[in-house]
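Chemist: Starting off with a structure, shown below.
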Amino acid sequence: MNAKLMMSMTVTAALALAMAPVQAADLDAKTAEIVKRDFRDKGIAKATRVNQDELQAACSKYVDKLPPKLKAKLEAKEAETIKFPADGKFMGDWKAGEKLAQSGKGMTWSDKPEDVPGGNCYNCHQLSSKEIAYGTIGPSLLNFGKVRGNGEDIQRYVYARIYNAKASNACANMPRFGHMGILTEAQMKDLVALLLDPESPVNK
Amino acid sequence: MRTKQTYKALLLLVLSASFSAVAAEATVTDSDRIEQYREMISDGNPAEFDEMRGEELWKKAAGPNKVSLEQCDLGKGAGVVKGAYSEMPRFFKDTNKVQDLESRLLTCMTTLQGFTEDEITAKPFASDKKQSDISSLTTYVVGQSKGIKMAVSTKHPKVKEAYEIGKRIFNYRAGPYDFACSTCHATTGVRIRMQDLPNLSHNKKDAQSAYTTWPAYRVSQGQTRSFQWRLNDCFRQQRFPEPKFASEATVALTTFLAVSANGAEFAGPGLKR
């Protein structure tokens, strides 16, 4: 191989390296532009839903594998969003929680404004041993309280996890039920009870 | 025509009866059930009726210009339908765009037949009340690629770019639930409730078998559904707003998914739960 050819190959390789990130950034920008233009309002699902917050944009850009520093920064920010119940109580009614966990309804363009969103829990998690039609995207929560007990620390932890799962794992698949206004405080307490109440079918 | 309808009604009756029968068995998975339907009706998928309807529409003079679609160029020359779908999306010089089958049909229906784009895109999917011409045309065209290997070329820079943008749309998280396509379709062997989910981005076999079996007759809906419909309903469940029919975003995403299926024999129109 002659020196000239080697030289030109080195230059080409260097150029390719230098150009790759620029191209990626251009494609990211172009994607955002296309998405903003090509989605429209339908029913309750308004076009503005494609506008990403900082967390959604970062998880998309890094395909859910954030650089550690950014991950820690975003998780701290998400943790600040969590509003704990003013009455200091975390446990609601597990029966209402089970109903909520079963419901996969809510917030699609075919749902009506008055439809109450469900918890969608069984879509991704195993919970009660009686329900065999459970999804497997998330971990099994069978015997969750039986294994961990139901002291105040774990109650608080579960409430926070439902309120904003991204506070403990920035690019988690799980929605931020409290932060995004999907579930009410009372509903989230019912889900805490479903997981932790000794009488709940999750722990039987 | 009457015989055809009677046959269709009978077939549906058999299908729905068998569905409720097997649904009672808790240990049978959805994929087992679908396999059962497939075997049971291997000599006749109800999508065939939609294929026939689409073929009639393709050959019939229609629109303000009263011409058929037989001069429509799907990428392999005017009027060539055989094998066209397994090479789509592709770049078209006349529109200077990457187009999937449905956006290309839209071009032909507007430029050749004289329909307005709004007439077609207002209600592009079939409902119980009304059939969709563009959807039936799609079913017909894809049927003409059955058994032909998927070979979507990314040589053209615009197709390559569409693929890259499509990949980014696949990973684009937004909406009240923070979902992207990848939330459900980037892991192998997971399911929502009892529904198995194909891993479309990191599992070649899953990506191939999912893509090559759409469009499909949906037993639960009694309709043959196109690929644009498939994407539309995914975005609904993702809690996104509605993707515009045949838009650049949907074509880019389709390009990403179609290229991921390259090498597999196209097997549509398929049959789904």
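Keeping their order, the protein sequence lines are chains A and B.
No gaps in the numbering here: position 36 of the first sequence is 36 in this note's numbering, and each next residue is one more.
No gaps in the numbering here: position 89 of the second sequence is 89 in this note's numbering, and each next residue is one more.
Every residue gets a Cβ at the ideal spot worked out from N, C-alpha and C, and that includes glycine.
Helix, strand or coil for Pro70(B)? Go by DSSP, reduced to three states.
Modeler: According to the sequence displayed, residue 70(B) carries Glu and not Pro. Glu70(B): coil per DSSP, three-state reduction.
Chemist: Starting from Tyr217(B), follow its DSSP beta bridges and name the residues at the other end.
Modeler: Paired residues: Thr224(B), Leu271(B).
Chemist: Are the C-beta atoms of Thr183(B) and some chain A residue less than 8 Å apart?
Modeler: So, interface residue.
Chemist: Between which two residues does the beta strand (DSSP E) harbouring Phe91(B) extend?
Modeler: Counting along the chain, the beta strand (DSSP E) containing Phe91(B) begins and ends at 90 to 92.
Chemist: Of all Cβ atoms in chain A, is any one closer than 8 Å to the Cβ of Asn199(B)?
Modeler: No, its Cβ sits nowhere closer than 8 Å to a Cβ of chain A.
Chemist: What residue ranges within the region 138 to 176 of chain B form continuous alpha helix (DSSP H) runs of no fewer than 4 residues, ordered along the chain?
Modeler: DSSP runs (the alpha helix (DSSP H)) wholly in the region 138 to 176 of chain B: 157 to 170.
Chemist: Please list the partners that Pro175(A) has in chain B, where partner means a Cβ-to-Cβ separation under 8 Å.
Modeler: Near Pro175(A) (Cβ distances below 8 Å), the residues of chain B are Pro176, Tyr177, Asp178, Phe179.
Chemist: Compute the Euclidean distance between the alpha carbons of Asp26(A) and Gly92(A), then round it to the nearest angstrom.
Modeler: Each residue's alpha carbon lies about 49 Å from the other.
Chemist: How long is the line joining the alpha carbons of Ala133(A) and Lys71(A), rounded to whole angstroms?
Modeler: Cα-Cα distance, rounded: 33 Å.
Chemist: Just mark Gly88(A) as buried or exposed, buried being the case when its beta carbon has 16 or more other beta carbons within 10 Å.
Modeler: Answer is exposed; the Cβ neighbour count stays below 16.
Chemist: Between Phe245(B) and Arg33(B), what straight-line distance do the alpha-carbon atoms span, to the nearest angstrom?
Modeler: Distance between the alpha carbons of Phe245(B) and Arg33(B) is about 32 Å.
Chemist: Please classify Ala84(B): does DSSP put it in a helix, a strand, or coil?
Modeler: Ala84(B): coil per DSSP, three-state reduction.
Chemist: On the three-pair Cβ rule with 8 Å, is the region 179 to 197 of chain A touching the region 154 to 170 of chain A?
Modeler: The answer is yes - the region 154 to 170 of chain A touches the region 179 to 197 of chain A, with three or more Cβ pairs under 8 Å.
Chemist: For the region 104 to 122 of chain A, which residues have a beta carbon sitting closer than 7 Å to at least one beta carbon of chain B?
Modeler: Of all residues in the region 104 to 122 of chain A, Met107, Thr108, Trp109, Ser110, Tyr122 have a Cβ within less than 7 Å of some Cβ in chain B.
Chemist: Just to confirm, is the Cβ distance from Ala261(B) to Gln228(B) under 8 Å?
Modeler: No, the Cβ-Cβ distance between Ala261(B) and Gln228(B) is not below 8 Å.
Chemist: I want to know whether the region 43 to 54 of chain A touches the region 253 to 270 of chain B - three or more CB-CB distances under 8 Å.
Modeler: The region 43 to 54 of chain A, when compared against the region 253 to 270 of chain B, does not touch it at the 8 Å Cβ threshold.
Chemist: Lys97(B) lies in the alpha helix (DSSP H); which residues open and close that run?
Modeler: Unbroken run through Lys97(B) is the beta strand (DSSP E), 97 to 99; no alpha helix (DSSP H).
Chemist: Can you list, in chain order, the residues of its chain whose CB lies under 7 Å from that of Leu197(B), leaving out five sequence neighbours each side?
Modeler: These residues qualify, in order along the chain: Cys184, His185, Val190, Arg191.
Chemist: CA-CA distance, Ser110(A) and Gly43(A)?
Modeler: Going by the C-alpha atoms only, they are around 7 Å apart.
Chemist: Answer yes or no: does any C-beta atom of chain A fall closer than 8 Å to that of Tyr7(B)?
Modeler: With a pLDDT of 46 at Tyr7(B), under the threshold of 50, the modelled position of that residue is not reliable, and the figure given next carries that caveat. No - not a single Cβ of chain A is within 8 Å of the one on Tyr7(B).
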